[in-house]
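Going by my numbering, the sequence shown opens with residue 42, and the numbers climb by one from there.
Since the structure comes first, as structure tokens, the remarks are kept for the end.
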Amino acid sequence: MAYNGRIQERGGGWESTQVAAMAVVEPALFTIVAWQPFFLIEQGGDGGSQYSGIMWDLLLMLTSKMNVSVEIVPPPDGLWGVELPNGSWNGMLGMIQRQIRKSSFDHITVHILCTMYYSICFVTSTINEMQEVDMALGPFAISYPRTRVADFPASIFVLPHRVYLPRPRGSSDLSDFVRLYHPTVWMLTVMCVVVVAAAVWLAMKVEGSFVTPQGPHKNHMSAVFVLLHVWSGLMQECE
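In structure tokens form, the structure reads like this:
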């Protein structure tokens with residue numbers, strides 16, 4: 042494989058280069074926004090930009106397999122991409138959507154390789170002819186409007202979203218746990234437990250009319266046992 046040893050970067054009216062091992066072909070255009078710790082952009086001593094992070098490593102692996110060089114084109118507005126009222130997009134997704142140039146490589150191959158690397162961060166255009174850049178690199182959130190203008194590969198990981206509650210202040214007793222929720226919430230919770238327990242007990246009664254329980258299973262027919270079983274299931278820790 043022949044190498045030109047350079048990665049080019051364009052932004053506004055300036056241009057810089059960095060040393061890297063890439064194939065001598067027409068460069069593929071990538072748009073990138075820094076997002077720690079997945080992709081880091083630092084200022085180099087020669088005035089250019091230095092890149093690091095797991096997504097940068099995946100980009101080098103991808104382009105090496107495809108035998109293409111890389112040209113970095115940062116988005117002018119520095120945004121990920123939001124749909125505008127007129128149907129166009131800004132940010133990196135807008136650069137993928139806008140059709141001003143012929144693609145540097147086959148997007149089918151891109152999608153296969155991206156799936157092989159299980160990266161949510163390589164995004165290609167749904168249009169296989171011309172766009173401002175070939176791919177966008179970053180941890181994009183996948184939504185239906187975005188899938189209409191970009192193709193997303195398989196996920197390498199999923200970022201969880203959680204709701205955190207502050208610790209209650211005061212005495213450390215059972216009342217601290219009870220005060221976390223409104224009395225209406227507790228009332229509805231108890232009602233749900235009773236309804237579910239009644240439904241389970243009724244289903245067991247119907248089943249018992251056809252099959253006679255034997256041995257220790259006879260005690261499982263009691264309403265108290267069913268109620269405690271449903272309540273214990275509700276109290277179990279889950280993620």
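Cβ atoms here follow ideal geometry from the backbone N, Cα and C, with glycine treated the same way.
Endpoints, the beta strand (DSSP E) within which residue i is located
i	result
residue 71	69 to 73
residue 90	90 to 93
residue 178	176 to 178
residue 113	111 to 113
Residue range of the unbroken alpha helix (DSSP H) whose run includes residue i
i	result
residue 264	264 to 276
residue 137	132 to 138
residue 185	185 to 188
Residues bridged to residue i (per DSSP)
i	result
residue 76	80
residue 124	130
Residues near residue i by beta carbon distance below 6 angstroms, same chain, minus five either side
i	result
residue 149	The predicted model places residue 149 with a pLDDT of 40, which falls under 50 and marks its position as unreliable; any figure quoted below should be read in that light. For residue 149, where only same-chain residues beyond five positions count, there are no Cβ hits under 6 angstroms.
residue 105	none
Own chain partners of residue i with C-beta closer than 7 angstroms, once the 5 adjacent residues on each side are dropped
i	result
residue 73	80, 113, 115, 178, 179
residue 82	75, 90, 92
Rounded distance between the beta-carbons of residue j and residue i, thought under 8 angstroms
i	j	result
residue 275	residue 226	Not confirmed; about 13 angstroms, so no contact.
residue 175	residue 70	5 angstroms
residue 237	residue 271	5 angstroms
residue 241	residue 204	Not quite, the Cβ-Cβ distance comes to about 29 angstroms (not below 8 angstroms), so this is no contact.
Proximal residues to residue i (C-beta, below 8 angstroms), its chain only, five neighbours per side dropped
i	result
residue 98	none
Problem - Stretch pair the segment 83 to 92 + the segment 182 to 194: three plus CB contacts closer than 8 angstroms - result: no
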